[in-house]
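Everything below concerns the one structure shown next.
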DNA sequence: TGCGCCTATGTCGTATCTGACATATGCTCA
DNA sequence: TGAGCATATGTCAGATACGACATAGGCGCA
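Protein chains in written order, with our numbering: chain L, 106 to 214; chain Y, 106 to 214.
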């Protein structure tokens, strides 16, 4: 399903802003990645705001520290489903999720 | 991962409103389901507004008619990832996704 | 009635995602 | 320096979501 481009992109250091038109990304691909980035960033924000370590959050999610790290890194192997579950487990409401999506990750460079 | 309750819920005829506190759903589970319902409904709206059949959309997504049907039914076997990709393929922007999430599926009964 | 077209549902083999583990790096404090 | 904690990265077996196919039901039109 062509995760390759996305994988390459997200792999290292691309947690900022509009990853958009950086490589040959269709608008749809770009929007999807930006959404994921926004959610992963929002997750880190919420976790730290709650004073939890990745390990602590992992316990709450019945997952593992390494996976939480990958969630926050928007690793290509984590699904949006997982990100949403994590956010909701941290007390986010749908409207919070929505606003984190619109407010986009950080702002285009 | 306890998909059972959700599965049971979504399985038949639960595409309306706040499925929320219907069975023993944690707030997190409820929020997740509502999000999925909102997205699936938004997908159907967009597709029909675009005058496309499920089969036509499936072709565009390189998927199949049956999977599109399941997407719109918020079938437990479709991921939020897939719903988002479909929405973005139909030209939705992140802010559209966000607003469909906040506006919730239909309205609580 | 029968013929298209659209949508729904169930199943299957395969691809992808998951939690868990190991291990590495970085930081703070003594 | 080294111990203790937080985070990052790679890998793997098992779980789950995928596209595809078959098939059924509904609706309109001849």
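Even for Gly, the Cβ is constructed at its ideal location relative to N, Cα and C.
Could you tell me whether the Cβ atoms of residue i and residue j are closer together than 8 Å?
i, j, result
"residue 136 of chain Y", "residue 199 of chain L", "yes"
"residue 130 of chain Y", "residue 188 of chain Y", "no"
"residue 203 of chain Y", "residue 203 of chain L", "yes"
"residue 140 of chain L", "residue 206 of chain L", "yes"
"residue 192 of chain L", "residue 167 of chain L", "no"
"residue 183 of chain L", "residue 175 of chain L", "yes"
Once you ignore the five residues that flank residue i on each side, which residues in its own chain have a CB closer than 6 Å to its CB?
i, result
"residue 160 of chain Y", "170"
"residue 163 of chain Y", "169, 170, 173"
"residue 126 of chain L", "With a pLDDT of 44 at residue 126 of chain L, under the threshold of 50, the predicted position of this residue should be treated as unreliable, though the coordinate-derived value follows. No residues qualify anywhere along the chain."
Starting from the C-beta of residue i, find all residues in its chain whose C-beta is less than 7 Å away, skip the five residues before and the five after it, and write them out in chain order.
i, result
"residue 165 of chain L", "194"
"residue 177 of chain L", "145, 148, 149"
Please work out which residues of its chain come closer than 8 Å, Cβ to Cβ, to residue i, disregarding the five sequence neighbours upstream and downstream, and give them in chain order.
i, result
"residue 190 of chain L", "166"
"residue 208 of chain L", "143"
"residue 156 of chain Y", "none"
(request) Jot down the residue ranges of each uninterrupted alpha helix (DSSP H) in the segment 153-206 of chain L, minimum 4 residues, whole runs only, in chain order. (result) Considered as a whole, the segment 153-206 of chain L harbours 159-166, 170-177, 185-194 as its complete alpha helix (DSSP H) runs of no fewer than 4 residues, in chain order.
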